[in-house]
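**Student:**
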Amino acid sequence: MSGLTWSVRTDVPTDAPANAPEHARPRGAAVRRIASGEPLLRNGHLLSASSVLTSVLGAGYWALVTRLYPTDAVGRNYAAISAMLFLAGVGQLNLTNVLVRFVPVAGARTGRLVARAYLAAAATTFALAVAFVLLLPEISPGLAFLHRPLVGAGFAAATAGYALFVLQDGALTGLRRAHWVVLENAVFSVVKIGAVVLFALVVKPGGILLSWAVGLAVAVAVTNSFLFGRAIPLHERAARRPRLATTPMQPTPTTGYIVCDYIGALCWIAATTLPPLIVLERLGAAQAAYFSLTWVIAYTLYLLSANMGSSLIVESATDPERLAQNCRRVLGHTGALLAICVLIMIAGAPAILRVFGDDYARHGTGLLRFLLLSAVPNLVVAVAVSTCRARRRMTAVIAILGTLCSLALVLIVVLLPVMGVEGAGVAWLAAQGVVAAVLLWRRSIWLGSAGGEKAGAIGVPPRVLAGFVRERLGWFFSLPGDLRLGRRLSSEVQLNSRGVESHVSRTVSGLLLIRSRGQADLVVKHPLSPRAHSALEQQYETLRTLSEDERLGEWRRLLPQVVSLDLLGTRPMALEARLPGIDASRVVRERPTAARRIAKVALAAIAELHEATGRVETVGTEHLRRWVEAPLAVVCRELAPCQTPHGAAAIDLLRRRLYEGLEGKRVLVAWTHGDYQPGNVLIDADPTRITGVVDWCSAHADGPAPLDARLFSLAVQRELERCEIGDLVVRAYRREGEAGFEVTGVEAGGATTVDEVSLLLLTWLTHVADNTAKSARYQHSWRWLARNVVPVLREVSR
68 MSGLTWSVRT
78 DVPTDAPANA
88 PEHARPRGAA
98 VRRIASGEPL
108 LRNGHLLSAS
118 SVLTSVLGAG
128 YWALVTRLYP
138 TDAVGRNYAA
148 ISAMLFLAGV
158 GQLNLTNVLV
168 RFVPVAGART
178 GRLVARAYLA
188 AAATTFALAV
198 AFVLLLPEIS
208 PGLAFLHRPL
218 VGAGFAAATA
228 GYALFVLQDG
238 ALTGLRRAHW
248 VVLENAVFSV
258 VKIGAVVLFA
268 LVVKPGGILL
278 SWAVGLAVAV
288 AVTNSFLFGR
298 AIPLHERAAR
308 RPRLATTPMQ
318 PTPTTGYIVC
328 DYIGALCWIA
338 ATTLPPLIVL
348 ERLGAAQAAY
358 FSLTWVIAYT
368 LYLLSANMGS
378 SLIVESATDP
388 ERLAQNCRRV
398 LGHTGALLAI
408 CVLIMIAGAP
418 AILRVFGDDY
428 ARHGTGLLRF
438 LLLSAVPNLV
448 VAVAVSTCRA
458 RRRMTAVIAI
468 LGTLCSLALV
478 LIVVLLPVMG
488 VEGAGVAWLA
498 AQGVVAAVLL
508 WRRSIWLGSA
518 GGEKAGAIGV
528 PPRVLAGFVR
538 ERLGWFFSLP
548 GDLRLGRRLS
558 SEVQLNSRGV
568 ESHVSRTVSG
578 LLLIRSRGQA
588 DLVVKHPLSP
598 RAHSALEQQY
608 ETLRTLSEDE
618 RLGEWRRLLP
628 QVVSLDLLGT
638 RPMALEARLP
648 GIDASRVVRE
658 RPTAARRIAK
668 VALAAIAELH
678 EATGRVETVG
688 TEHLRRWVEA
698 PLAVVCRELA
708 PCQTPHGAAA
718 IDLLRRRLYE
728 GLEGKRVLVA
738 WTHGDYQPGN
748 VLIDADPTRI
758 TGVVDWCSAH
768 ADGPAPLDAR
778 LFSLAVQREL
788 ERCEIGDLVV
798 RAYRREGEAG
808 FEVTGVEAGG
818 ATTVDEVSLL
828 LLTWLTHVAD
838 NTAKSARYQH
848 SWRWLARNVV
858 PVLREVSR
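Each residue of the sequence shown is one higher than the one before, starting from 68 at the first, in the working numbering.
(1) Let's test the definition: count the other Cβ atoms within 10 Å of the Cβ of Asp633 and tell me whether it reaches 16, buried, or not, exposed.
(2) Specify the secondary structure class of His570 as computed by DSSP and reduced to three states.
(3) Among the residues of its own chain, which have a CB less than 6 Å from the CB of Met412, if the five just before and after it don't count?
(4) Can you tell me whether Glu621 is buried or exposed, with buried defined as 16 or more other CB within 10 angstroms of its CB?
(5) Between Leu398 and the rest of its own chain, which residues show a CB-CB distance below 8 Å, the 5 nearest in sequence each way excluded?
(6) Can you give the Cα-Cα distance for Val761 and Tyr607, rounded to whole angstroms?
(7) Quick check: what's the CA-CA separation for Val797 versus Leu832?
(8) Distance check for Leu405 and Ser473, CA to CA, integer angstroms please.
(9) Measure from the alpha carbon of Val452 to the alpha carbon of each residue in Leu234, Arg183 and Asn164, then state which is nearest.
(10) Using the beta-carbon count (16 or more within 10 Å), is Gln561 buried or exposed?
(11) What is the C-beta distance between Ile275 and Val132, in whole angstroms, given that I count them as a contact (C-beta under 8 Å)?
(12) Going by the beta-carbon positions, is the gap between Leu483 and Val346 smaller than 8 Å?
(13) Once you ignore the five residues that flank Tyr357 on each side, which residues in its own chain have a CB closer than 8 Å to its CB?
(14) Using only the alpha-carbon positions, how far apart do Ala782 and His713 sit?
(15) For the alpha helix (DSSP H) containing Ser631, list its first residue and its last residue.
(16) Please go through the region 722-804 and give each complete alpha helix (DSSP H) segment of 4 or more residues, from N-terminal end onward.
(17) Using C-beta distances below 6 Å, list every residue in its chain close to Tyr845, excluding the 5 sequence neighbours before and after it, in chain order.
(18) Can you list, in chain order, the residues of its chain whose CB lies under 7 Å from that of Thr574, leaving out five sequence neighbours each side?
(19) Quick one: what's Lys592 bridged to in DSSP?
(20) If the criterion is Cβ atoms closer than 8 Å, does the pair Ala679 and Leu749 meet it?
(21) For Glu786, collect the residues of the same chain with a Cβ closer than 8 Å to its Cβ; drop the 5 residues on either side in sequence, then sort them by chain order.
(22) For Ala599, which residues of its own chain have a beta-carbon under 7 Å away from its beta-carbon, when the five flanking residues on both sides are left out?
(23) Would you say Val821 and Lys732 are within 8 Å of each other, going by their C-beta atoms?
(24) Here's the rule I'm using: 16 or more other beta-carbon atoms within 10 Å means buried, otherwise exposed. How should Ala338 be labelled?
(25) Return yes when the Cβ of Phe295 is within less than 8 Å of the Cβ of Gly178, no when it is not.
(26) Tell me the residue span of the beta strand (DSSP E) that contains Glu684.
(27) Could you round the C-beta distance between Val248 and Leu242 to whole angstroms and report it? I think they count as a contact, below 8 Å.
(28) Under the rule that 16 or more other beta-carbon atoms within 10 Å means buried, what is Asp775, buried or exposed?
(29) Which full runs of the alpha helix (DSSP H) of 4+ residues lie inside the region 314-375, going along the chain?
(30) Return helix, strand or coil for Asp616, following the three-state DSSP convention.
(31) Measure the beta-carbon distance from Leu613 to Leu603 and round it to whole angstroms, keeping in mind my assumption that it falls under 8 Å.
(32) Could you tell me which residues DSSP pairs with Ile649 in its beta bridges?
(33) 8 Å is my cut-off, CB to CB: does Ser614 come that close to chain B?
(34) Is the CB-CB distance between Thr830 and Leu795 below 8 Å?
(35) Going along the chain, which residues of its own chain have a beta-carbon closer than 8 Å to the beta-carbon of Leu699, five neighbours each way excluded?
(36) For Val258, tell me which candidate among Thr192, Leu468, Ala284 and Leu268 has the shortest Cα-Cα distance.
In structure tokens:
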């Protein structure tokens with residue numbers, strides 16, 4: 068093979084506009100993107116890291132406070148801080164969410180947008196704080212110490228400062244400067260800790276509240292010097308560059324958007340800041356202290372969901388077509404992370420609270436566990452609200468947050484007299500669980516459809532979820548048996564060896580794969596299902612044929628060497644000598660800079676097979692039967708999305724498109740691997756040489772040679788971007804075959820005359836059909852169907 072060109076397009080660097088057209092983005096950006104993480108998850112994780120850092124430092128802060136101040140003082144001061152947070156939340160007019168949503172697309176108006184938001188929020192918050200202090204005797208007698216003139220004025224100023232503190236987070240997030248959110252929160256927390264120790268010696272009664280005011284002043288000054296001195300000017304200069312593509316979503320906030328989002332935000336602010344005040348008035352200052360510090364710990368997990376939601380809004384503002392995909396990505400990724408954190412923190416709840424003192428552990432352990440559990444359904448609520456904000460469905464935002472607020476506060480008032488302070492935790496868990504259940508039941512409220520009415524009808528039927536649960540439960544319960552069987556088989560094949568090492572895994576096709584190391588380095592394969600048995604038979608028939616083909620010459624060294632084969636006995640098993648080399652997919656993930664070299668040598672290697680066994684043919688009826696009709700029959704029979712009326716219509720359109728693009732065209736027909744991707748290629752450590760090609764169960768003696776190269780390039784792109792092949796195919800289909808990479812010269816003599824879109828669709832169809840035929844797991848995988856099958860069918864049916 069000669070003349071290979073392969074490149075990747077990904078997100079722009081921080082000094083280039085996110086909505087720049089693809090041709091304006093610098094090549095080779097994938098390396099930088101992978102080095103710093105996928106933007107959607109990277110920004111969410113940076114914001115979450117900020118929350119975790121703040122929480123850890125906050126725990127240290129409150130641990131100091133509980134030792135420097137009496138319990139009653141802690142309860143009253145925390146209630147005052149909750150009042151400050153509530154007033155700042157109301158006074159900042161929800162402009163934080165407006166900045167998160169509109170700063171990424173504000174362009175040259177960014178500085179003006181942020182400055183106006185600051186002015187409006189600071190003025191409104193200060194006025195509300197002054198009114199609150201003046202009305203304290205009537206509103207909350209427990210906070211009477213704020214009624215003193217000097218303390219009250221400082222409280223009002225600190226509250227206005229906190230509104231700016233919150234707004235600057237929104238501006239930094241919208242500018243994709245989430246690392247500065249980590250820094251500013253660290254500054255705030257460290258200054259606050261130092262101040263509270265100092266004030267404990269000087270002005271002890273109000274030292275807690277005063278330490279917050281000092282920390283806010285320093286953090287706001289430092290952050291805004293960077294924000295207005297560097298970040299915003301860079302963003303505005305980038306927006307003035309020529310050839311910018313305009314985003315399809317409205318780039319400026321409307322009054323309706325701001326008002327509706329503000330109403331929804333007020334509901335959330337009330338739900339999260341009023342409970343400490345309710346506990347203070349109903350159960351007293353000591354119980355308020357126990358609730359408050361427990362709430363500080365549990366709220367860290369709420370911030371994880373909120374931060375990922377903010378990142379979802381930012382990325383969807385510049386790329387709205389990926390909103391549904393990003394939503395599923397956040398739910399899956401954050402859900403797994405959140406579940407682990409909840410389990411660990413529930414187990415360690417007494418130890419965590421003991422940091423603040425034995426009384427807090429004794430009175431707050433049960434409450435903390437209820438609040439931690441409530442963070443799991445809150446993920447669904449947070450993602451649903453963020454999705455509605457990105458889609459501008461503000462009525463749904465008000466409905467979701469209003470229902471949650473009303474339900475939580477009412478249940479707290481009802482349960483506190485009955486269950487004590489634990490009743491607040493039960494109330495939060497019940498409210499979050501009910502709202503999350505309704506949102507999952509009525510997903511159309513917030514997810515909507517991904518395309519037009521016709522395209523949106525193509526989806527994954529609910530019955531697939533039941534099959535997925537059954538399949539995963541079966542895999543879980545079979546795992547111990549697989550491990551025992553694998554170790555036994557490994558010991559049997561290493562008869563005279565001591566200290567046999569074995570690594571046992573089950574592939575998606577139901578094949579037990581044992582890497583056994585003893586006297587010899589072997590790979591043992593034992594089929595556990597009829598499909599796996601059939602695939603293994605086909606693979607070794609292919610290997611036998613290729614190993615006897617003299618045309619391949621030295622290329623046969625790349626084939627797995629079969630030591631023994633018995634597929635007819637009571638325990639069918641194949642034994643291979645393990646090939647040298649490293650899994651290429653692992654190298655691509657760990658060293659993105661090596662992706663280009665890996666692609667070059669891998670595609671050159673498979674081209675040698677094609678040239679040795681290939682011949683140029685004109686596509687006729689028999690070719691279309693094997694390459695189009697056979698895989699279409701598999702997907703229609705096995706995959707639920709293809710069995711709906713709209714799915715069947717999309718399949719017919721796909722068939723017509725492939726017939727038009729293939730029939731009568733010239734193409735290189737040769738031995739093809741069928742599943743040629745980095746996971747099936749072994750390379751040396753350099754990597755400059757292919758040392759092996761494995762997994763030949765999808766090989767075809769008379770396959771269309773161009774498909775191997777295109778599948779490999781798509782698979783490398785998938786590893787670099789952490790996405791799915793279906794996503795890449797949709798993107799390429801919209802650009803008439805250009806998938807962010809180019810493969811040229813991969814057919815002998817440039818023989819192929821088929822257009823790139825037809826080759827792309829045929830590659831996708833062959834890949835999906837082969838996976839489906841190998842394993843029933845794919846037809847039961849909701850995520851795989853939703854990311855690889857449904858988007859392509861929708862795109863074809865447009």
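All residues carry an ideal CB built from backbone N, CA and C; glycine is no exception.
**Tutor:** With the given structure in hand:
(1) One-based indexing of the sequence shown puts residue 633 at position 566. Under this definition Asp633 is an exposed residue.
(2) To locate residue 570, count along the sequence shown from 1; it is residue 503. His570 falls in the strand class under three-state DSSP.
(3) Stepping through the sequence shown from its first residue, residue 412 is reached at position 345. Here the set comprises Leu439.
(4) If you number the sequence shown from 1, residue 621 lands on position 554. Exposed: under 16 other Cβ atoms inside 10 Å.
(5) Taking the first residue of the sequence shown as position 1, residue 398 is located at position 331. Counting only Cβ-Cβ distances below 8 Å, and skipping sequence neighbours, we find Leu446, Val447 and Val450.
(6) By one-based count along the sequence shown, residue 761 stands at place 694. By one-based count along the sequence shown, residue 607 stands at place 540. Between Val761 and Tyr607, the C-alpha separation is close to 11 Å.
(7) Here residue 797 is taken as the residue at index 730 of the sequence shown, counted from 1. Here residue 832 is taken as the residue at index 765 of the sequence shown, counted from 1. Each residue's Cα considered, the two are about 13 Å apart.
(8) In the sequence shown, counting from the first residue as 1, residue 473 sits at position 406. In the sequence shown, counting from the first residue as 1, residue 405 sits at position 338. Those two C-alpha atoms are separated by around 25 Å.
(9) As a first step, residue 452 must be located in the sequence shown, where it is residue number 385. Out of Leu234, Arg183 and Asn164, Asn164 has the C-alpha closest to the C-alpha of Val452.
(10) The sequence position of residue 561 within the sequence shown is 494, counting from 1. Label assigned to Gln561: buried.
(11) Along the sequence shown, one-based indexing puts residue 275 at 208. Along the sequence shown, one-based indexing puts residue 132 at 65. Confirmed, about 6 Å.
(12) For this step, residue 483 is matched to residue 416 along the sequence shown. For this step, residue 346 is matched to residue 279 along the sequence shown. In this structure, Val346 lies closer than 8 Å to Leu483 by Cβ.
(13) Along the sequence shown, one-based indexing puts residue 357 at 290. If we look at Tyr357 and ignore the five residues flanking it on each side, its Cβ neighbours are Asp426, Tyr427, His430, Gly431, Leu434 and Val488.
(14) Here residue 782 corresponds to residue number 715 of the sequence shown, with the count starting at 1. Here residue 713 corresponds to residue number 646 of the sequence shown, with the count starting at 1. One C-alpha to the other measures close to 28 Å.
(15) Walking along the sequence shown from the start, residue 631 turns up at place 564. It is not in any alpha helix (DSSP H) - Ser631 instead sits in the beta strand (DSSP E) that spans Gln628 to Asp633.
(16) 773-788 and 792-801
(17) For the purposes of this step, residue 845 is taken as the residue at position 778 of the sequence shown. Only Asn838, Thr839 and Trp851 meet the Cβ criterion.
(18) Working through the sequence shown from its first residue, we reach residue 574 at position 507. Leu580, listed in sequence order.
(19) To locate residue 592, count along the sequence shown from 1; it is residue 525. The partner list for Lys592 (beta bridge, DSSP) reads Leu580 and Ala641.
(20) What you label residue 679 is simply residue 612 of the sequence shown in a count that begins at 1. What you label residue 749 is simply residue 682 of the sequence shown in a count that begins at 1. It is not a contact, given that the beta carbons lie outside the stated cut-off.
(21) If you number the sequence shown from 1, residue 786 lands on position 719. If we look at Glu786 and ignore the five residues flanking it on each side, its Cβ neighbours are Ser652, Val655, Arg656, Ala662 and Pro745.
(22) As a working note, residue 599 is residue 532 in the sequence shown. Within the same chain, Ala599 has close Cβ partners Ser576, Gly577 and Leu578.
(23) The residue labelled residue 821 in the question sits at position 754 within the sequence shown. The residue labelled residue 732 in the question sits at position 665 within the sequence shown. For Val821 and Lys732, yes; Cβs fall inside 8 Å.
(24) In the sequence shown, the residue the question calls residue 338 occupies position 271. Buried: at least 16 other Cβ atoms inside 10 Å.
(25) Position 111 of the sequence shown, counting from 1, holds the residue named residue 178. Position 228 of the sequence shown, counting from 1, holds the residue named residue 295. Yes, the Cβ-Cβ distance between Gly178 and Phe295 is below 8 Å.
(26) In the sequence shown, residue 684 corresponds to position 617, counting from 1. Here the beta strand (DSSP E) through Glu684 covers Arg682 to Thr685.
(27) Mapped onto the sequence shown, residue 248 falls at position 181. Mapped onto the sequence shown, residue 242 falls at position 175. Val248 to Leu242, Cβ: 10 Å. No contact.
(28) By 1-based counting over the sequence shown, the position of residue 775 is 708. Answer is buried; the Cβ neighbour count reaches 16.
(29) 322-350
(30) Numbered from 1 along the sequence shown, position 549 holds the residue referred to as residue 616. DSSP places Asp616 in coil when its eight states are reduced to three.
(31) For the purposes of this step, residue 613 is taken as the residue at position 546 of the sequence shown. For the purposes of this step, residue 603 is taken as the residue at position 536 of the sequence shown. Wrong, their Cβ atoms sit about 16 Å apart, outside the cutoff.
(32) Counting from one through the sequence shown, the residue named residue 649 turns up at place 582. Bridge partners of Ile649: Ile750.
(33) Protein chains in the displayed structure number just one, and chain B is not present.
(34) Residue numbering aside, residue 830 sits at position 763 when the sequence shown is read from its first letter. Residue numbering aside, residue 795 sits at position 728 when the sequence shown is read from its first letter. It is not a contact, given that the beta carbons lie outside the stated cut-off.
(35) Start at 1 with the first residue of the sequence shown, and residue 699 comes out as number 632. Closer than 8 Å at Cβ, skipping near neighbours: Ile718, Leu721, Arg722, Leu832 and Ala836.
(36) The residue given as residue 258 occupies position 191 in the sequence shown. With distances taken between Cα atoms, Val258 lies closest to Ala284.
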